[in-house]
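Worksheet: the structure to be examined is printed underneath.
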Amino acid sequence: MHVSPVLAAQTVYPFVRVEEAKRRKAAEGVRIFDFGMGDPREPTDPRIKAALTAALDEAIGYPAAVGLPELREAIAVWARRRFDVELDPDRELIPTYGSKEAIFLFAQVVLDAAAGKDLVLLPEPGYPVYERGALFAGAELGTLALRADHAFLPDLDAVDDETWSRTALLWVCYPNNPTGAVAPLEFYERLSEIALEHDVLVCSDEAYTELWFDEPPASALQVANRRNIVVFNTLSKRSSMTGYRCGFVAANDDVIEALRKFRPNVGTAPQVFVQRAAIAAWGDEEHVERNRALYGRKRALFIDLFARKGIALAGSRATIYLWVETPRDETSVSFAERLLEQGVVVAPGSYFGPAGEGYVRFALVPTEDECAEAVAVLEDVL
């Protein structure tokens with residue numbers, strides 16, 4: 008059988024490797040504390056579930072790819088409340104199946120190699136889907152290292168004009184997965200200026216904007232001129248709705264029109280009952296505040312542990328992640344393997360690209376009680 012050469016060239020998806028290692032250890036009878044994948048296990052708010060069940064009989068056919076008008080309006084109202092920005096729900100928004108599939112497919116929509124814009128710039132360490140989606144679209148890749156001595160922000164001044172001239176898309180993610188770093192609004196303003204000068208689309212993955220612990224992070228939507236800004240957001244982490252699969256893309260009317268043309272070829276909007284649940288989720292902040300407080304308590308357990316053990320954290324200002332430095336005599340993989348021997352699953356930093364070496368990522372998704380138990384286990388390991 009023949010398969011796509013792009014697919015054939017790819018290694019196993021990093022978190023499949025994490026899951027496989029976890030299952031092997033669990034089969035040995037070891038109690039597992041899973042901090043590997045960023046899949047929240049706290050229950051979805053009852054009011055969101057009630058909105059879903061109330062809509063089960065509303066429609067059984069294919070949902071329109073543009074989504075329900077009420078959902079687009081709910082997202083626009085949330086963006087106004089949260090970021091003080093105005094989005095036209097009919098021209099600047101489109102719902103998606105979470106954000107992962109939209110991120111993966113986006114380069115296929117806008118890449119025009121014949122026009123000399125064949126380059127996609129990616130953050131490293133970073134979410135693997137940016138790279139894989141670009142490769143399937145036939146793009147050339149470039150990486151921008153995120154380093155502690157630069158606050159895990161890419162050094163935009165290190166990119167020369169020739170590279171910018173070839174760049175079609177630049178991916179950023181703040182608050183950042185995997186480092187937990189936060190970007191100031193000034194960073195987005197600088198990005199916007201470069202994007203306008205060189206005709207680059209800035210793709211901002213903002214899945215974690217609502218999971219913060221000191222002050223609310225900025226959004227790329229808040230720049231003075233967002234003509235070249237494309238924002239991807241999702242309810243997965245904000246509202247503990249990973250299995251529901253509902254997010255959105257916000258962009259200028261040309262990008263949204265292209266997505267409206269493209270998306271019926273690959274699927275539809277989320278099911279109508281999921282969209283009704285999403286309307287309830289975007290309209291409520293109380294459950295988000297509870298989630299933030301819960302992650303804050305879990306985070307404090309580990310920050311205290313690492314401080315006692317003399318283990319350094321980098322970034323880690325927001326998101327559900329802690330970016331933890333490995334001991335000097337261990338790689339990210341060997342450190343993760345040592346923790347796995349005691350049932351503690353983490354993601355090696357190298358799984359997010361070579362610039363992630365020297366770190367492991369803890370996703371604070373187990374319950375609060377499980378986190379406390381894991382801390383007790385780690386007391387004897389670290």
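Quick note: to get this note's numbering, add 7 to the position in the sequence shown (first position is 1).
Using N, Cα and C, we set each Cβ at its ideal position, and we do this for glycine too.
Q: Determine the closest residue to L163 out of N183, I201 and A188, with distance taken between C-alpha atoms.
A: Your numbering for residue 163 matches position 156 in the sequence shown. Here the closest residue by C-alpha is I201.
Q. Is the Cβ of P135 closer than 7 Å to any Cβ of chain C?
A. Within the model displayed, chain C is absent; a lone protein chain is all it includes.
**Q.** Element boundaries [beta strand (DSSP E), containing S211]
**A.** Taking the sequence shown and counting its residues from 1, one reaches residue 211 at position 204. First-last of the beta strand (DSSP E) with S211: L208 to D212.
Q. Whole alpha helix (DSSP H) runs in the segment 67-96 with 4 or more residues, listed along the chain?
A. 76-90
Q: Closer than 7 Å by C-beta to D46: which residues in its own chain qualify, once you throw out the five before and the five after it? Chain order, please.
A: The residue given as residue 46 occupies position 39 in the sequence shown. Excluding residues within five positions, the ones whose Cβ falls inside 7 Å are T249 and V372.
Q: Verify whether the separation of the beta carbon atoms of A158 and A321 is less than 7 Å.
A: Along the sequence shown, one-based indexing puts residue 158 at 151. Along the sequence shown, one-based indexing puts residue 321 at 314. Going by C-beta atoms, A158 is not nearer than 7 Å to A321.
Q.
Please list the terminal residues of the continuous beta strand (DSSP E) segment that includes V256.
A. In the sequence shown, counting from the first residue as 1, residue 256 sits at position 249. Run containing V256: G254 to A257, per the beta strand (DSSP E) assignment.
Q: Classify Y134 as buried or exposed, calling it buried when 16 or more other Cβ atoms lie within 10 Å of its own Cβ.
A: Position 127 of the sequence shown, counted from the start, is the residue given in the question as residue 134. Result: buried.
Q: Let me know the secondary structure DSSP gives I236 once reduced to three states.
A: In the sequence shown, the residue the question calls residue 236 occupies position 229. Looking at I236 - three-state DSSP - the assignment turns out to be strand.
Q) Would you call the CB atoms of R267 and V73 closer than 7 Å? A) Translated into the one-based positions of the sequence shown, residue 267 becomes position 260. Translated into the one-based positions of the sequence shown, residue 73 becomes position 66. Yes, the Cβ-Cβ distance between R267 and V73 is below 7 Å.
**Q.** Completely contained beta strand (DSSP E) runs for the segment 328-371, where each covers 3 or more residues
**A.** 328-332 and 366-370
Q: Look up D387 in the DSSP assignment and say whether it is helix, strand or coil.
A: As a working note, residue 387 is residue 380 in the sequence shown. Note: D387 maps to coil in three-state DSSP.
Q) Cα-Cα, which of V116, A58, K107 and P76 is closest to P271? A) Working through the sequence shown from its first residue, we reach residue 271 at position 264. For the residues V116, A58, K107 and P76, the minimum Cα distance to P271 belongs to V116.
Q: Determine the contact status of L308 and C378, defining contact as a CB-CB distance below 7 Å.
A: Mapped onto the sequence shown, residue 308 falls at position 301. Mapped onto the sequence shown, residue 378 falls at position 371. Result yes, Cβ atoms of L308 and C378 sit closer than 7 Å.
(Q) Just to confirm before moving on: does the CB-CB distance between S341 and S357 stay below 7 Å? (A) Here residue 341 refers to the residue found at position 334 of the sequence shown. Here residue 357 refers to the residue found at position 350 of the sequence shown. In this structure, S357 does not lie closer than 7 Å to S341 by Cβ.
Q) Given A152, which residues of its chain have a CB within under 6 Å of its CB, disregarding the five upstream and five downstream residues? A) As a position in the sequence shown, residue 152 is number 145, starting the count at 1. Excluding sequence neighbours, A152 sits near E131 and A362.
Q. Taking E348 as the reference, which of V19, P70, I39 and R315 has the closest Cα?
A. If you number the sequence shown from 1, residue 348 lands on position 341. Ranking the options by Cα distance to E348, first place goes to I39.
Q) In terms of residues, what are the limits of the alpha helix (DSSP H) holding E27? A) If you number the sequence shown from 1, residue 27 lands on position 20. From DSSP, the alpha helix (DSSP H) with E27 extends over P21 to A34.
Q: Pull up the distance between the alpha-carbon of V179 and that of R315, whole angstroms please.
A: Taking the first residue of the sequence shown as position 1, residue 179 is located at position 172. Taking the first residue of the sequence shown as position 1, residue 315 is located at position 308. Answer to the nearest angstrom: the Cα atoms are 33 Å apart.
Q.
By alpha-carbon positions, which one of F359, A354 and D261 ends up nearest to V367?
A. Here the question's residue 367 lines up with position 360 in the sequence shown. Checking every option, the nearest Cα to that of V367 belongs to A354.
Q | Proximity below 7 Å, CB of A16 to CB of V189 | A | Here residue 16 refers to the residue found at position 9 when the sequence shown is read from its first residue. Here residue 189 refers to the residue found at position 182 when the sequence shown is read from its first residue. No, the pair does not count as a contact, with Cβ atoms beyond the cut-off.
Q) Looking only at C-alpha atoms, which of E65, M8 and L192 sits nearest to E222? A) As a position in the sequence shown, residue 222 is number 215, starting the count at 1. Answer by Cα proximity: L192.
Q: Please report how far the alpha carbon of I236 lies from the alpha carbon of D311, in whole angstroms.
A: To locate residue 236, count along the sequence shown from 1; it is residue 229. To locate residue 311, count along the sequence shown from 1; it is residue 304. Each residue's alpha carbon lies about 38 Å from the other.
(Q) Can you look up G149 in the DSSP assignment and give me helix, strand or coil? (A) Taking the sequence shown and counting its residues from 1, one reaches residue 149 at position 142. In the structure shown, G149 sits in a strand (DSSP, three-state: E or B).
Q.
In the DSSP output, what is W178 paired with across the bridge?
A. Residue numbering aside, residue 178 sits at position 171 when the sequence shown is read from its first letter. According to DSSP, which records beta bridges pairwise, W178 is partnered with C210.
**Q.** Exposed unless 16 or more other CB atoms sit within 10 angstroms - verdict on A383
**A.** Position 376 of the sequence shown, counted from the first residue, corresponds to residue 383. Exposed, because fewer than 16 other Cβ atoms sit within 10 Å of the Cβ of A383.
Q: Please name the residue, chosen from F369, L75, L176 and G105, that lies closest to G187 on a Cα-to-Cα basis.
A: To locate residue 187, count along the sequence shown from 1; it is residue 180. The option with the nearest alpha carbon to G187 is F369.
Q. What residue range is occupied by the uninterrupted beta strand (DSSP E) comprising I55?
A. To locate residue 55, count along the sequence shown from 1; it is residue 48. Counting along the chain, I55 falls outside any beta strand (DSSP E), though it belongs to the alpha helix (DSSP H) covering P53 to A61.
Q.
Out of Y195, R197, A62 and V127, which one is the CA nearest neighbour of S172?
A. Translated into positions along the sequence shown, residue 172 becomes position 165. Minimum Cα distance to S172 is reached at V127.
Q.
Could you give the first and the last residue of the continuous alpha helix (DSSP H) run that contains E117?
A. Looking up residue 117 in the sequence shown gives position 110. Here the sequence assigns Val to residue 117, which means Glu is not the residue at that position. V117 -> alpha helix (DSSP H) spans K107 to V117.
(Q) Quick check on S11: buried or exposed, where buried means 16 or more other Cβ atoms within 10 Å of its Cβ? (A) What you label residue 11 is simply residue 4 of the sequence shown in a count that begins at 1. When all chains shown are included, S11 counts as exposed.
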